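Engineer: Residue numbers (the working numbering): 1186 to 1386.
No residue lacks a Cβ here, since even glycine has one placed at the ideal position from N, Cα and C.
Quantities reported herein were computed from a predicted structural model and do not represent experimental measurements.
If you scroll down you'll find the structure; I have some questions about it.
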């Protein structure tokens, strides 16, 4: 059973006499209506993940605008690095281990609460769609850091690199790695007594 796990802008200073051109403000982007909508709106970040979601047949679930959840989604580079490390394509992974691929995606979704980073407290245990201790994530906040990072039950420490993206009734945070579940336990209860199941699962 397989267990998956900025653009830097260079502004060159011109000579003192060079005219400064006013930049027109970017038009405001409409908020995403669902997690799937957000993936489709930000293909620069999520095109690879979108393809994996489609292959895993989870598009209908993530298209639900009423889904209340906190999603920790890896960007293109993170997904591609994981597939390269496994030496497999997403399509081949789905063909060989469809349940494993679905579970890998489920570990990135915390149902029942839409948590912005100000609500993610140090030591908080989050329960993903994978039931039991295996499906837990631990929030770690370090002094001076803008965003917390996540500890996984596989032993990863995964930073949140972009945060608080609304997607219907859900909140999406971008993480720098594919989250991998394992056998570690954190020994604490999730923050809520009840976690709502994802519709259609």
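Thinking C-alpha only, which one of 1367, 1245, 1357 is nearest residue 1302?
Structural biologist: 1357
Engineer: Give the DSSP bridge partners of residue 1257, in chain order.
Structural biologist: 1358
Engineer: Give the secondary structure of residue 1322 by DSSP, where H, G and I count as helix, E and B as strand, and everything else as coil.
Structural biologist: Residue 1322: strand per DSSP, three-state reduction.
Engineer: Just grab the DSSP bridge partners of residue 1342 for me.
Structural biologist: 1336
Engineer: Using only CA atoms, which one of 1280, 1223, 1325, 1317 lies nearest to residue 1305?
Structural biologist: 1325
Engineer: Could you check the C-alpha separation between residue 1290 and residue 1319 for me, to the nearest Å?
Structural biologist: 14 Å
Engineer: Do you know how far the Cα of residue 1248 is from the Cα of residue 1350?
Structural biologist: 15 Å
Engineer: In whole angstroms, give me the CA-to-CA distance for residue 1336 and residue 1355.
Structural biologist: 21 Å
Engineer: Keeping to the same chain, check which residues put their C-beta closer than 7 Å to that of residue 1268; ignore five residues upstream and five downstream.
Structural biologist: 1274, 1275
Engineer: With DSSP as the reference, label residue 1264 as helix, strand or coil.
Structural biologist: helix
Engineer: Going by the DSSP bridge assignment, what does residue 1311 pair with across the sheet?
Structural biologist: Per DSSP, 1322.
Engineer: Determine which residues share a DSSP beta bridge with residue 1351 and list them.
Structural biologist: 1356
Engineer: Check whether the Cβ atoms of residue 1321 and residue 1328 lie closer than 8 Å to each other.
Structural biologist: no
Engineer: Could you tell me if residue 1241 is buried or exposed, where buried requires 16 or more neighbouring beta carbons within 10 angstroms of its beta carbon?
Structural biologist: buried
Engineer: Just to confirm before moving on: does the CB-CB distance between residue 1345 and residue 1363 stay below 8 Å?
Structural biologist: No, Cβ-Cβ distance for residue 1345 and residue 1363 is not below 8 Å.
Engineer: Give the DSSP-derived three-state secondary structure of residue 1276 in the structure shown.
Structural biologist: helix
Engineer: Determine the contact status of residue 1254 and residue 1296, defining contact as a CB-CB distance below 8 Å.
Structural biologist: yes
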